[in-house]
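What follows is a short report on a single structure.
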Amino acid sequence: MLTLSPARTVPDTRSGATQHAVMGTRASGFYRHDLDGLRGVAIALVAVFHIWFGRVSGGVDVFLALSGFFFGGRLLRTALTSGSSLSPVPELKRLVRRLLPALVVVLAVSAVLTILIQPETRWETFADQSLASLGYYQNWELANTASNYLRAGEAVSPLQHIWSMSVQGQFYIAFLALIFGFAYLLRSRLRSRTRPALILLLSALTIASFVYAIIAHAADPSTAYYNSFARGWELLVGALVGALVPRVRCPRWLRSTLAVVALAAILSCGAFIDGVKEFPGPWALVPVGATVLFILSGANRMADPHLSATNGRLPAVSRLLATKPFVSLGSMAYSLYLWHWPLLIFWLAYSGHTHANFLEGAIVLLVSGLLAWLTTTFIEEPLRLRGSAAAQSAPKQANVIPLRTRLRRPTIVLGSVVTLLGVALTATSFTWREHMTIQRANGKELAGLSSRDYPGARALINHVRVPKLPMRPTVLEAKDDVPVSTTQGCIGDFDDVDVINCTYGDDSATRTIAVAGGSHAEHWITALDLLGRMHHFKVVTYLKMGCPLTTEENPLVMGDNRPYPRCREWNQKVMPRLVADHPDYVFTTSTRPWNIRDGDVMPSFYVGIWQDFADARIPILAMRDTPWLVKDGKPFFPADCLADGGDAISCGIKRSEVLSSHNPTLDFVARFPMLKPLDMSDAVCRQDYCRAVEGNVLLYHDSHHISATYMRTMTNELGRQIAAATGWW
1 MLTLSPARTV PDTRSGATQH AVMGTRASGF YRHDLDGLRG VAIALVAVFH
51 IWFGRVSGGV DVFLALSGFF FGGRLLRTAL TSGSSLSPVP ELKRLVRRLL
101 PALVVVLAVS AVLTILIQPE TRWETFADQS LASLGYYQNW ELANTASNYL
151 RAGEAVSPLQ HIWSMSVQGQ FYIAFLALIF GFAYLLRSRL RSRTRPALIL
201 LLSALTIASF VYAIIAHAAD PSTAYYNSFA RGWELLVGAL VGALVPRVRC
251 PRWLRSTLAV VALAAILSCG AFIDGVKEFP GPWALVPVGA TVLFILSGAN
301 RMADPHLSAT NGRLPAVSRL LATKPFVSLG SMAYSLYLWH WPLLIFWLAY
351 SGHTHANFLE GAIVLLVSGL LAWLTTTFIE EPLRLRGSAA AQSAPKQANV
401 IPLRTRLRRP TIVLGSVVTL LGVALTATSF TWREHMTIQR ANGKELAGLS
451 SRDYPGARAL INHVRVPKLP MRPTVLEAKD DVPVSTTQGC IGDFDDVDVI
501 NCTYGDDSAT RTIAVAGGSH AEHWITALDL LGRMHHFKVV TYLKMGCPLT
551 TEENPLVMGD NRPYPRCREW NQKVMPRLVA DHPDYVFTTS TRPWNIRDGD
601 VMPSFYVGIW QDFADARIPI LAMRDTPWLV KDGKPFFPAD CLADGGDAIS
651 CGIKRSEVLS SHNPTLDFVA RFPMLKPLDM SDAVCRQDYC RAVEGNVLLY
701 HDSHHISATY MRTMTNELGR QIAAATGWW
């Protein structure tokens, strides 16, 4: 750990000699036991809110601020202390011993549970996130998932919580390089000016990170949540407090008030602030600011090395958190954080429940606590103590074995086992990823499947005979069975507001169909491309992920309802462009699923779009949207269901749940004569049920996008409807 005030000499009452206080040890007299207790409370809040309430408590933000305080504060004081070592190697070794062993053990157990409980369609995601966790870039992996529309609906990962560990790891390395590099260059030159220069630099970085967090959060809350630069200010604030607090004097009368207010804010944060939507924006100041206040409430104590952790002059709240139960909880906080989330996710996957009830949650919490204690006692502490054994070795006396000797052999074995687990986990992850690469290569043959063996939609439309053959795409091929426009980058991503045009079909034709809107317009490209080549028209794209043509002022991402301001910006660009280009027809979706009841609806914010096209005399091919598969309020993946032993029926959904009995677009035809309704529902669903597989072909490559293979089987029916609407053939 670390000290919270400058090192000074204190008398050795046993020998009368003078000894130097050891920075960062309980022997120094500067140790804050109450902050250990606060860390335990923070992680307990994280676990409780995750397990029972499905909310973000603010405990992670408290943990980040304390991590910056403990780690950054010590580094700053070391760098500013004349004659102290500026080598980062000891700190790096300490970080590895402190962080990696428990992480490797949790990842290894999670890998086994993934194989036993999760369908194999989830194994690649776990492999990717295992490597990301070991490499401490899990937060960026999750940010990419959140910004990738084809992955945005994936089931919650059992490793999702490790994003904060990755942020901390990145901060530790960057902070080491910055502080030691700065001190090495300037400490001997600026001397007395080193402290203010370093504090000024870190203050500037903190402000810059906070401003960036506000901007990034306003632009895209989902990706900002995992962004290291947007989270950096939380750790930097802690580091600054760690460097400055020894000089702070908090009046005695104010200490208790600060401590009570701070702890109350931390405890209530999860109930009053929706952390998923509001962090790391301005509202994150509440848990971070409360942590700073709690640290400052003990500022006077830190100036006196002889005050014990339970001294009566400390605030009552601090004395409470410095008691053994809270300190013990704080000592295993890291392991508790690592264990609670995967155990919860695996239990939900095994039970099929969407959330844990009180009893289930209590069991998950109890097992997490037990595993955390075992991990801390038998893995974390032995390996961490071995690193400091030399400093703690007792003098060699007769019949006394030095601590270093007693620790060496068991910890070498333990360290070797942990290292082998890490190597095995890495090798297994890379092996599965290679297997998936081979599966993708095999998937290239999907475009040439026999129409006789794999009739797909023709089994519904034309009632053709279906031979008994294995389904294609397979559950492992499905994820990548996407339109060519996706792989060619012809659809804008979540952050992109530029209008991207690509041409398909017959690019030399004079007749044009513009495909405009989101990915539910895009997945028809596969069939439209074939039709364009057959009937000599070109298909030009105007597409953006998750963004239909709409006049909505505050659009949301369909599926998770997060704000999507870039969709509004893009619509303001694409509509004038479409009107100016004046294609022969605009092909776009005309319905959406209801969020509040079964069936689908024609949204009111589409009407303004139809009016703009009507005013420009541009006819619309208005495609009724294909069903979005949702069960218990969450996206449902047929490929996962099939991989888990389900069949075409059990992995499907009732038609009445996803489609209304009447196409809502038809109600607007009289008002907009140039609106040409298209409805392919009967090529996707039977009269009363939408199955996962038809004509030996898997319909969806995720929970709501039609697979490219199935789309090819719908080409003839789509061509028939377009011909009737346009009269082109």
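Residues in the sequence shown are numbered consecutively from 1, following UniProt numbering. Glycine is no exception: its CB is placed at the ideal position from the N, C-alpha and C atoms. Since we're looking at a predicted model, the values are computed, not measured.
Secondary structure note for Gly517: its beta strand (DSSP E) is the uninterrupted segment 512-517.
If you check the CB distance, Asp702 and Thr354 do not come in under 9 Å. Here Val167 really is in contact with Asn139; their C-beta atoms are around 5 Å apart, less than 8 Å.
The Cβ atoms of Pro280 and His217 lie closer than 9 Å to each other. Within the region 613-647, the complete beta strand (DSSP E) segments at least 3 residues long are 620-623, listed from N- to C-terminus.
In terms of Cα proximity to His582, the closest of Pro619, Val607, Leu134 is Pro619. Looking at the DSSP output, Arg533 bridges to nothing. Between Arg440 and Ser451, the gap from beta carbon to beta carbon reaches 9 Å or more. When the five nearest sequence neighbours on each side are left out, the beta carbons in the same chain lying within less than 7 Å of the beta carbon of Cys690 are those of Pro627, Gly652, Ile653, Arg655, Val658, Val684, in order along the chain. For the set Ile461, Leu263, Tyr334, Gly645, the Cα lying nearest the Cα of Ser681 is the one of Ile461. With respect to Arg319, Asp34 sits close: the two C-beta atoms are nearer than 9 Å. Secondary-structure assignment with DSSP links Pro677 through a beta bridge to Ala622. Lys468 sits in coil when the DSSP states are folded into three classes, being neither helix nor strand. Excluding its 5 nearest sequence neighbours in each direction, Leu159 has C-beta neighbours in its own chain below 6 Å: Gln129, Ser133, listed in chain order. Non-local beta-carbon contacts of Ser297 in its own chain, meaning distances under 7 Å to residues more than five positions away in sequence, involve Cys250, Arg255, Leu258, Ala259, Ala262, Pro315, Ser318 in chain order. With a beta-carbon spacing of about 12 Å, Phe175 and Leu201 fall beyond the 8 Å limit used to define contacts. Out of Val586, Leu321, Tyr710, the CA that lies nearest to the CA of Ala692 is found in Tyr710. If the five residues before and after Glu552 are omitted, its C-beta is found closer than 6 Å to the C-beta atoms of Phe605, all from its own chain and listed in chain order. Put simply, the backbone Cα of Pro88 is about 20 Å away from that of Ile199.
Looking from the CA of Asp679, the closest CA among Pro548, Asp644, Leu621, Leu698 belongs to Leu621.
Between the region 367-381 and the region 337-345 there are three or more inter-stretch CB-CB distances shorter than 8 Å, so the stretches are counted as touching. If you draw a straight line from the Cα of Cys502 to the Cα of Ala670, it comes to about 33 Å. Of the candidates Leu425, Ser228, Asp495, Ser707, Ser707 places its Cα closest to the Cα of His523. For Thr503, no alpha helix (DSSP H) encloses it; the enclosing beta strand (DSSP E) starts and ends at 503-505. For Asp506, same chain residues with a beta-carbon under 7 Å away, outside a window of 5 residues either side, are Gly532, Arg533, His536, Phe537, Lys538 in chain order. For the pair Ile295 and Leu414, the Cα-to-Cα distance works out to about 36 Å. Membership of Val540 in the beta strand (DSSP E) is indicated by the continuous run 538-543.
For Phe587, the uninterrupted beta strand (DSSP E) run begins and ends at 585-589, by DSSP.
Secondary structure at Asp600: strand, using DSSP grouped into helix, strand and coil. When C-beta atoms of the region 583-593 are compared with those of the region 564-575, fewer than three pairs fall below 8 Å, so the two segments do not count as touching. In the three-state scheme derived from DSSP, where H, G and I count as helix and E and B as strand, Glu657 is classed as helix. In the DSSP assignment, Thr354 falls outside any alpha helix (DSSP H), carrying neither H nor E. From the listed residues His704, Phe636, Arg624, the smallest Cα separation to Phe668 is found for Arg624.
Boundaries for Tyr454: no alpha helix (DSSP H) harbours it, and the DSSP string shows neither H nor E there.
Around the beta carbon of Tyr334, 16 or more other beta carbons lie within 10 angstroms, which makes this residue buried. If you draw a 10 Å sphere on the C-beta of Phe180, you find 16 or more other C-beta atoms in it, and that means buried.
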